[in-house]
Structure formats: structure tokens, C-alpha cells
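Asker: Attaching a single structure in C-alpha cells format; questions to follow.
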Amino acid sequence: MAHASTTIKIPVSADQVWQLIGGFHSLPGWLPSISSSELSEGGRIRHLTDVDGVTIVERLEVFNDKERFYTYSILKSSFPVTDYQATIQVHENAIGESSLVEWSGSFTPVGISDEEAENLFLEMYENGLKALGQAFAN
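Under the working numbering, the first residue of the sequence shown is numbered 262, with each subsequent residue one higher.
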């Protein structure tokens, strides 16, 4: 099993960040690499389409509004992995003046090394969190 994780500090409160990303339905509002997102099965399944037209199907596994996190798995994608599960969480930092957002995942590489898979998702997580930071810079 391989793992990837990254964190970004954003200069707004955790509540403000959670309002933007805290719903499983919030994409593509803050993630420009996703062109559309459709929910099904009562909001537990998310069908994402990226800007290249590739579809990813995800399932919401755990949602905790109070602790500001959700965990999801990938049911269908072109990624060279199986058993993918990721969590995105928002932590309060410094008296509510900023927040830390962590995106982490674990997965089993298929046909590539652990390091290649980790680098693939680390790059995606880092780009996603940079886009999130830009959403608050405007």
C-alpha cells in the first residue's frame, strides 16, 4: 500500500474554508481541473469529469461536519491504482485567523511502483490545494 499527503496553510478561518470545500458536492467550484460534478445515490456517489473529459466515480465513505473532514474512495478511474481512499480535512490554526488543509490518501499501485503512484497523487493533491489557496487569494 502506498501513501501520499500534503498540507497547505490558508489565511482564512477553518470555517470559511470548510464552507467552500466541506460538501462532497463542492467540486468543481474550487478545483479548476474538474469541469463537472454530478451526485447520485442521495449524494453518496460523485461522478466527476475532468477538463480532458475523463470520468472519475467516487463514493463518500465518512462525512464529519463538526470535525471538518470527509473520506472518499474511488470506484472507477483511469488511475493505475486500486483500493484508493482519501481524506480531506480542515484544521483551525492560530485563533481562527488561518487554517491548515490536509489531503491524504492510500492506494495500491497497479503496474507502477509505489513511488510513482505516490508522486502521481502528491502532485494532484498539491495542485488541488494550490487551487484552493488561490480561491481565497481573489
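Idealized CB from N, CA, C, for every residue including glycine.
Please read all numbers here as calculations on a predicted model, not as lab measurements.
Check Phe-330 in the structure and name its three-state DSSP category.
Answerer: Note: Phe-330 maps to strand in three-state DSSP.
Asker: Provide the residue span of the alpha helix (DSSP H) that contains Phe-382, from first to last.
Answerer: Where Phe-382 is concerned, the enclosing alpha helix (DSSP H) stretches over 375-398.
Asker: Taking C-beta to C-beta, are Val-318 and Arg-307 nearer than 9 Å?
Answerer: Yes; because the gap between Cβ atoms is below 9 Å, this pair is in contact.
Asker: Excluding five sequence neighbours on each side, which residues of the same chain lie with their C-beta closer than 8 Å to the C-beta of Gly-237?
Answerer: This structure leaves residue 237 out entirely; the chain is present only between 262 and 399.
Asker: So, at 6 Å on beta carbons, what are the nonlocal neighbours of His-264 in its own chain, with the 5 sequence-adjacent residues on each side left out?
Answerer: Cβ neighbours of His-264 beyond the five flanking positions: Ser-367.
Asker: Do you know how far the Cα of Gly-290 is from the Cα of Asp-313?
Answerer: Cα to Cα, Asp-313 sits roughly 17 Å from Gly-290.
Asker: Can you give me the start and stop residues for the alpha helix (DSSP H) that Trp-279 sits inside?
Answerer: 275-282 is the span of the alpha helix (DSSP H), which, as asked, contains Trp-279.
Asker: Go to Ile-370, then tell me how far its beta strand (DSSP E) extends in each direction, as first and last residue.
Answerer: The sequence given here places Pro at residue 370; Ile does not occur at that position. Unbroken beta strand (DSSP E) run through Pro-370: 359-370.
Asker: Go ahead and label Gly-370 buried or exposed: buried means 16 or more other beta carbons lie within 10 angstroms of its beta carbon, across all protein chains shown.
Answerer: Checking the displayed sequence, the identity of residue 370 turns out to be Pro instead of Gly. The residue is buried, with at least 16 neighbouring Cβ atoms inside 10 Å.
Asker: Whose C-beta lies closer than 7 Å to the C-beta of Ser-287 among residues of the same chain, with five residues either side of it excluded?
Answerer: Excluding sequence neighbours, Ser-287 sits near Leu-281.
Asker: Kindly list the residues whose CB is nearer than 8 Å to the CB of Glu-403, restricted to its own chain and excluding five residues on each side of it in sequence; keep chain order.
Answerer: A query on residue 403 cannot be resolved here, the shown segment of the chain reaching from 262 to 399 and no further.
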